[in-house]
Amino acid sequence: MAFVSVYFSLGTNMGRREENISRALELLDDAMECHWTSLSHIIETRSWGFNGPKFLNAAVMYRIFRQPVPAEQQAFELLDKIKSIESKMGREGGPVFDPETGKRIYENRIIDIDILFFGDERIDNPRLTVPHKLISERDFVLFPLREIAKPSLKASFPEYF
């Protein structure tokens, strides 16, 4: 039986932030059908890309069964699961873009879950980019990720470590 390590980032700046992280982890455990393998410390950071309340951020890694389908297909299924979790927790809508500049507009959020890595796969699709394309610009992702990154991840993606 083959397994794959999947890394996610978690962030929240609304409501009871610690409870939001805990609830997201419970729902991820259910969606992944296993308990997380590694969890970083939770850090507090300033909002990124907009002025808002401080965030709590963490990184989490799951070792999940590698389905006998293309990696991109399984990653899309994971994306659907995390979007469902965000919705269950009260997050509404998807990304918003400035109509004039086309740049993303960042907002407060009860929970944000991003797929950072799916094994050693590289996925470049309009729906999903893995590794997440903004990792290197976001210390609030890099610091927790570096805490839990396995040697195999560091070897596959040395540009982040």
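In the numbering used here, the protein residues as written are 17 to 177.
The beta carbon of each residue, even a glycine, is placed where N, CA and C say it ideally should be.
Secondary structure at residue i, three-state DSSP: helix, strand or coil?
i    : result
I164 : helix
A47  : helix
L55  : strand
A36  : Contrary to the premise, residue 36 reads as Asn rather than Ala in this sequence. In the structure shown, N36 sits in a helix (DSSP, three-state: H, G or I).
I98  : helix
S63  : coil
A74  : strand
F19  : strand
F92  : helix
Sorted by chain position, which residues of the same chain lie with C-beta nearer than 6 Å to residue i's C-beta, five sequence neighbours on each side aside?
i   : result
S25 : A75, D130, L132 and V157
State the CB to CB distance for the pair residue i and residue j, rounded to an integer number of angstroms; the pair is presumed to be in contact (CB under 8 Å).
i    : j    : result
V22  : I101 : Wrong, their Cβ atoms sit about 14 Å apart, outside the cutoff.
N73  : P174 : About 23 Å separates the two Cβ atoms, so there is no contact after all.
I154 : W64  : Looking at the sequence provided, one finds Arg at residue 154 rather than Ile. Indeed, because the Cβ distance is near 6 Å, the residues count as touching under 8 Å.
Within the same chain, show all residues whose beta-carbon is closer than 7 Å to that of residue i, passing over the 5 residues directly before and after it, in chain order.
i    : result
N124 : N29, M30, G68 and P69
For residue i and residue j, I'd like the C-alpha separation in whole angstroms.
i    : j    : result
I121 : D114 : 6 Å
I151 : F177 : 11 Å
V85  : L94  : 13 Å
I58  : I37  : 9 Å
T117 : K166 : 38 Å
T61  : F71  : 5 Å
E49  : V112 : 31 Å
Go through its chain and collect everything with a Cβ distance to residue i's Cβ below 8 Å, but skip five positions before and after it.
i    : result
R107 : R125, I126, I127 and D128
(request) Return the chain-ordered ranges of every alpha helix (DSSP H) run that is complete within the stretch 123 to 166 and spans a minimum of 4 residues. (result) If we require 4 residues or more, the alpha helix (DSSP H) runs fully inside the stretch 123 to 166 come out as 155 to 164.
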